[in-house]
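Visitor:
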Amino acid sequence: MQTKKSEIWVGAFILIAILAVVFLCLKVADIKSVGNQPTYRIYANFDNIGGLKNNSPVKIGGVVVGRVADITLDTKNYSPRVAIDIQQRYNHIPDTSSLAVRTSGLLGEQFLALNVGFEDPDMGTSILKDGGVIQDTKSALVLEDLIGQFLYKSGGDGNSDAPASEPAPAPANSSSPATQHP
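If you count by the numbering used here, then the sequence shown holds residues 15 to 196, one letter each, in order.
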């Protein structure tokens, strides 16, 4: 009888330990599996989303306010269309806000940075509702493009402002007739 009681306690302890590990894994991964908060959906079109994925965070000043719900290709202009679920408690986002694809650190995950705009009914601005579209978007930076621009600008004779076909201006010479004083 004592052995059976010990086995039940050991089994209960192992079950609690497994549940604690699962809970911690979900917390670390920032996955909301139970009790999702109410959200509303907004949309945005980008030229390039880089490595943005479904369930990527949407942040305002580093605070997660939503998640990427779906990424599709707009069939009219063949650009990525991102559906975003924003938590209902953040339902006062003006339509003048902007979205930018950012990266956490140098090689970290990509997320959407939501820069809150201004609200002025006199200027025709309004609050984004369910199904609203953010017009002002900034695409992901492509590292290869940045390196190419850097190499292009640093090439040539060291004068990155002047085109390579034009000669650089001659340095001022103190012995030229225009600079000599009688």
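The C-beta atom is built at its ideal place from N, Cα and C for all residues, glycine as well. Note that the structure is a prediction, hence the values are computed from the model and not measured.
1. State yes or no: is the C-beta of aspartate 109 nearer than 6 Å to some heavy atom of the ligand HEM?
2. Please determine, among Leu33, Leu66, Lys167, Glu21, the residue with the shortest C-alpha to C-alpha distance to proline 94.
3. In three-state terms, what does DSSP make of serine 153?
4. Does serine 70 pass the burial test, meaning 16 or more other C-beta atoms within 10 Å, or should it be called exposed?
5. Out of Ile141, Leu157, Arg103, Thr151, which has the shortest C-alpha to C-alpha gap to leucine 121?
6. Could you give the residue range of the alpha helix (DSSP H) that holds phenylalanine 27?
7. So who's on the other strand from isoleucine 74, going by DSSP bridges?
8. Considering only the alpha carbon of each residue, which of Thr110, Leu38, Gly76 lies closest to threonine 117?
9. How many angstroms separate the CA atom of leucine 33 from the CA atom of isoleucine 22?
10. Mind checking isoleucine 148: buried by the 16 CB within 10 Å criterion, or exposed?
Guide: For this structure:
1. The model depicted lacks the ligand HEM and carries no ligand whatsoever.
2. Leu66
3. coil
4. buried
5. Leu157
6. 16-42
7. Val77
8. Gly76
9. 17 Å
10. buried
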